[in-house]
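Going left to right, the sequence shown walks through residues 33 to 358 as the working numbering numbers them.
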Amino acid sequence: MEVPHVSTGKGRNNSCNSRRRRHTPQTNQIISALAKYPSERRDPEPNWNLQGPRRLPRSHTPHPTKCQKAGLASEGNAGCSFALYSQMAGIRCKVYIPNDANVAKVELSRKLGARVTKVQGTISDAGRKAARYAETTGAYNASTFVTPFRHDGKGTMALEICEQLGWESPDYIVYPVGGGVGLIGMWKMFKILQRLGWVRNVPRIVAVQPKGCAPVVDAYDKGGTEVAEWKAPKTIAKGLKIPKPLAGSWILRCLRESRGIALKVSDVEIHKAMLNVAKRDGLLVEPSSAAAFAAIPVLLETGTIDRKDIVVVIATGSGLKTLEQF
Ligand SMILES: Cc1ncc(COP(=O)(O)O)c(C=O)c1O
């Protein structure tokens with residue numbers, strides 16, 4: 033079967049914009065297939081769907097035409113993606129990464145040509161370093177919500193999901209929230225699709241965070257419009273260790289608009305979900321991704337979702353880069 037290639041790097045941006053996109057780098061990305069979960073039903077289970085881990089998020093594409101160098105803060109995955117696309121586009125790439133990042137993410141970014149600087153502290157500290165680097169060198173700052181490419185890029189997940197469901201929206205999307213890029217990007221796209229009349233309904237978004245760093249869940253539960261900084265974040269889900277997401281108020285707005293749900297899962301539940309999903313379904317996901325799977329039993333037990341509902345769980349990150357955490 034021929035698989036369509038989706039072009040990357042859509043949208044406009046100040047320093048990296050061009051009307052002609054002849055040189056947009058592309059990997060052999062495929063549309064992520066929805067798969068039934070669990071694949072083998074040993075006991076009565078709901079009809080879960082999930083998005084298989086994509087090879088590389090296609091949202092992480094700096095525009096090649098004018099950029100000479102780009103810098104970003106990353107927990108690791110975005111760093112790998114930017115490293116790859118930057119070297120394909122002939123752009124120098126600098127990644128600021130927290131000290132405790134997974135070794136494979138640091139190594140892969142380096143092997144793909146990026147200059148990686150480890151930063152003491154959290155992703156917020158790395159973000160400040162990336163901003164300073166961009167200011168002092170003129171590099172394109174590709175950090176979360178500094179560039180619009182990333183959230184609009186992740187919005188394509190909504191397109192893929194609806195297309196594979198015959199232009200219907202699922203009832204729920206379960207997504208592990210760190211910076212909120214995927215949540216905001218998808219919600220924006222679902223609303224566009226509904227306005228265009230391509231889908232009748234929009235899903236309710238379930239935002240999942242680890243108990244050791246859940247600033248969005250707390251703010252949403254309190255009915256707030258701003259996300260307060262989480263003091264002393266601690267979790268095995270490093271991609272979700274974002275003490276104060278830059279787009280906190282947007283995340284909360286999206287959740288409210290979608291009549292969304294926000295919940296916390298413990299590191300123990302996350303680890304258990306990692307093993308369960310790997311052993312039962314052959315899907316190797318990293319802790320940040322496993323958080324979404326860990327939420328499913330909770331959602332079921334509390335009766336929040338029904339077994340008849342169509343639920344899409346996004347498998348956001350491969351466990352191959354976090355083998356030491358299994
Ligand atoms: C595997 C994984 N899942 C989820 C997230 C959170 O993503 P978002 O910024 O879209 O909330 C990250 C962020 O780094 C991640 O690496």
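Don't be surprised by glycine CBs; every beta carbon is placed ideally from N, CA and C.
Everything numeric in this text was worked out from a predicted model, so none of it was measured.
Collapsing the DSSP output to three states places residue 290 in coil. Taking residue 124 as the centre and dropping the five residues before and after it, the same chain places the C-beta of 101 closer than 6 Å to its C-beta, in chain order. Rounded to whole angstroms, residue 189 and residue 237 show a C-alpha spacing of 13 Å.
Residue 351 places its beta carbon less than 7 Å from that of residue 318.
Residue 220 is positioned such that its CB atom lies closer than 7 Å to that of residue 187. DSSP places residue 103 within a strand segment (E or B) once states are collapsed to three. Nearest in C-alpha terms to residue 354, of all of 307, 328, 345, is 307. Between the stretch 254 to 268 and the stretch 161 to 179, the count of C-beta pairs closer than 8 Å stays below three; the two stretches do not touch.
For residue 240, the uninterrupted beta strand (DSSP E) segment begins and ends at 236 to 242.
Counting other Cβ atoms within 10 Å of its Cβ, residue 98 stays below 16 and is therefore classed as exposed. Leaving aside the five residues that flank residue 209 on each side, the residues in its chain whose CB is nearer than 6 Å to its CB run, in chain order, 215, 239, 241, 248.
For residue 205, the enclosing beta strand (DSSP E) begins and ends at 204 to 208.
For residue 281, the secondary structure class from DSSP, reduced to helix, strand or coil, is helix.
A direct Cα-to-Cα measurement between residue 243 and residue 296 gives close to 5 Å.
With 16 or more other Cβ atoms inside 10 Å of its own Cβ, residue 109 counts as buried. For residue 278, the closest C-alpha among the options 144, 136, 156, 140 is that of 156. With fewer than 16 neighbouring CB atoms inside 10 Å of its own CB, residue 358 falls in the exposed class. With a contact defined as Cβ atoms closer than 8 Å, residue 194 and residue 231 qualify at about 5 Å. DSSP, reduced to helix, strand and coil, places residue 350 within a strand of the structure shown. For the pair residue 142 and residue 217, the Cα-to-Cα distance works out to about 28 Å.
Unbroken beta strand (DSSP E) stretches of 3 residues or longer found wholly inside the stretch 148 to 219: 204 to 208, given in chain order. Straight through space, the alpha carbons of residue 343 and residue 167 are spaced by roughly 43 Å. In the three-state scheme derived from DSSP, where H, G and I count as helix and E and B as strand, residue 264 is classed as coil. Ligand 1 approaches residue 208 closely enough that one of its heavy atoms is under 6 Å from the residue's Cβ.
Distances from the CA of residue 328 to each of 178, 356, 349, 293 were compared; the closest alpha carbon is that of 293.
DSSP, read as helix, strand or coil, puts residue 344 in strand. In this structure, DSSP gives residue 129 an extended state, which the three-state scheme calls strand. Out of 321, 276, 336, 170, the CA that lies nearest to the CA of residue 349 is found in 321. Residue pairing of residue 297 in beta bridges, as defined by DSSP: 242. Ligand 1 never approaches residue 345 closely enough for any of its heavy atoms to be under 6 Å from the residue's Cβ. Rounded to the nearest angstrom, the gap between the Cα atoms of residue 111 and residue 282 is 24 Å.
Under the DSSP assignment, residue 330 falls in the alpha helix (DSSP H) whose first and last residues are 319 to 333.
Taking the Cβ of residue 321 as the reference point, at least one heavy atom of ligand 1 falls within a distance shorter than 6 Å.
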